[in-house]
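*Asks:* Once you've had a glance at the structure underneath, I'll fire off some questions.
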Amino acid sequence: MAVAFWILAAVSVAAGIAVFVVDSMARATFALLASLLAVGLAFLLIDLQYLGVLIILMMVMEMLIMAVFMIMYMMNPAGLMPMKMVHNNRVAALVAGAVFALLAVGIFLTPWPRRRGEPPADPTHALGLSIMGPKMLVMMVIGVAILATMISTVVLATHRGRYDRYGDDLTRRPPDDPGPGHAHSPQPPVEHHHACGAPNPGEERT
Amino acid sequence: MTLEAFLLLAAALFAVGLYGALSQQSIVMLMMGLELMINGLIVAGGAFWYFLAPGTADGQVLVLVAVTVMALEMAMGFAVVTAIFRAREVDMTDDAGDLSG
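Keeping their order, the protein sequence lines are chains A and B.
Those letters in the first sequence? Residues 57 to 262, per the numbering used here, in order.
Those letters in the second sequence? Residues 110 to 210, per the numbering used here, in order.
Written out as structure tokens, the structure is:
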């Protein structure tokens with residue numbers, strides 16, 4: 057058990073470091089996935105089968121989606137050239153090292169309390185009873201947070217929404233659309249319609 | 110396999126993630142650093158549950174929240190990167206210094 061844990065811990069940290077060393081963002085994503093998978097496997101060692109498998113399954117999907125985005129933003133396709141895009145590298149490394157040293161000292165100096173209770177025979181059962189009972193508020197907040205995230209991601213990622221087209225009070229007619237149409241056509245459509253005597257569909261409403 | 114060993118792993122992951130979050134210029138790489146930091150928190154949460162208070166499920170709920178936060182952080186981060194890239198063709202942190210004091 058201890059050997060397995062230390063192997064997984066070494067793999068996890070090494071993969072975490074590899075994220076910032078490899079030359080391609082796609083490889084960095086899979087290095088992060090390896091780090092997360094090692095953590096998920098380590099959870100299996102401390103009786104957290106459900107959470108361990110949850111982390112593994114969820115992170116596999118999450119990192120695959122992430123890989124698509126990383127490749128989308130990758131300025132260095134296929135990692136053929138060295139990729140090192142850092143600023144303030146030395147200070148960042150110093151701060152990270154100092155934080156690790158501080159945390160490690162704290163970990164070994166803190167008098168941790170004694171273990172209270174024993175792991176239940178089925179931790180998953182205990183978790184399920186907890187989140188459907190006394191901890192239900194947590195689950196409700198998570199649900200609302202997920203919904204809020206879905207809405208805000210769509211709003212943020214939308215290229216042109218109705219407020220871009222119809223103005224802030226949604227009254228602009230015709231809508232401000234790029235390409236051939238009313239707003240950006242070389243001849244102003246209002247003048248043109250007046251000259252022809254044809255009714256302007258956008259003008260009728262105003 | 111002790112609490113200290115697990116917390117040491119958590120601290121190492123957190124520190125590596127912190128380095129990435131501080132040093133990376135690309136916003137998407139910065140988010141990888143944040144993910145690694147949350148990864149460390151997950152390890153710490155699971156370890157605290159098993160080694161200190163396995164009687165209640167509080168630690169497990171904490172891990173569940175952290176895992177969700179991780180997914181939400183990624184989704185929001187990529188939406189923000191997409192939005193700022195659409196608006197200004199920016200995908201580096203140095204070009205997005207609007208809020209720098």
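Think of the CB as a built atom: it goes at the ideal place given N, C-alpha and C, for glycine as much as any other residue.
1) Could you spell out where the alpha helix (DSSP H) holding D167(B) opens and where it closes?
2) Report the CB separation of G129(B) from G142(B) in whole angstroms; it is logged as a contact under 8 Å.
3) When the cut-off is 7 Å and only beta carbons count, does H143(A) lie next to chain B?
4) Who are the Cβ neighbours of A84(A) in its own chain at under 8 Å, not counting the five residues just before and after it?
5) Look at the alpha carbon of A60(A) and the alpha carbon of F187(B), and state the distance between them as a whole number of angstroms.
6) 7 Å is my cut-off, CB to CB: does S186(A) come that close to chain B?
7) Whole angstroms are fine: how far does the CA of A196(B) sit from the CA of H215(A)?
8) Starting from the beta carbon of V109(A), find every residue of chain B whose beta carbon is closer than 9 Å, and list them in chain order.
9) Can you check whether the C-beta of M185(B) is within less than 7 Å of a C-beta belonging to chain A?
10) Rounded C-beta distance between M110(B) and E144(B)? I'm assuming under 8 Å.
11) Spell out whether any CB of chain B is found under 7 Å from the CB atom of I163(A).
12) Can you give me the start and stop residues for the alpha helix (DSSP H) that Q105(A) sits inside?
13) In the DSSP assignment, the alpha helix (DSSP H) including T166(A) goes from what residue to what residue?
14) Under 8 Å Cβ-Cβ, which residues of chain B neighbour F73(A)?
15) Between L161(B) and R171(A), how many whole angstroms is the CB-CB distance? I'm expecting something under 8 Å.
16) So the alpha helix (DSSP H) T85(A) belongs to, where does it begin and stop?
17) Measure the alpha-carbon distance for L173(B) versus F164(A) and round it to whole angstroms.
18) For chain B, is any of its Cβ atoms less than 7 Å away from the one on L150(A)?
19) What's the gap between the Cα of A154(A) and the Cα of V125(B)?
20) Cα separation between T180(A) and L104(A)?
21) Who are the near neighbours of L212(A) in its chain, counting only those whose CB is closer than 7 Å to its CB and skipping five residues on each side?
22) For K269(A) and chain B, any beta-carbon pair shorter than 7 Å?
*Replies:* In short, the structure shows the following:
1) Per DSSP, D167(B) belongs to the alpha helix (DSSP H) from D167 to R197.
2) So it is a contact: roughly 3 Å between Cβ atoms.
3) So, interface residue.
4) Cβ within range, chain order: A74, V75, F76, V78 and M126.
5) 35 Å
6) yes
7) 9 Å
8) Chain B residues near V109(A): none, gap ~12 Å exceeds 9 Å.
9) yes
10) Contact doesn't hold; Cβ gap of about 25 Å is too wide.
11) yes
12) Q105 to M128
13) Annotation: T166(A) is outside any alpha helix (DSSP H) and is labelled neither H nor E by DSSP.
14) In the sequence under discussion, the amino acid at residue 73(A) is Ile, which differs from the Phe named in the question. The answer, in chain order, is V125.
15) 6 Å
16) M81 to L101
17) So the two alpha carbons sit approximately 27 Å from each other.
18) No, no contact with chain B.
19) 11 Å
20) 8 Å
21) Answer for L212(A): no residue qualifies.
22) This structure leaves residue 269(A) out entirely; chain A is present only between 57 and 262.
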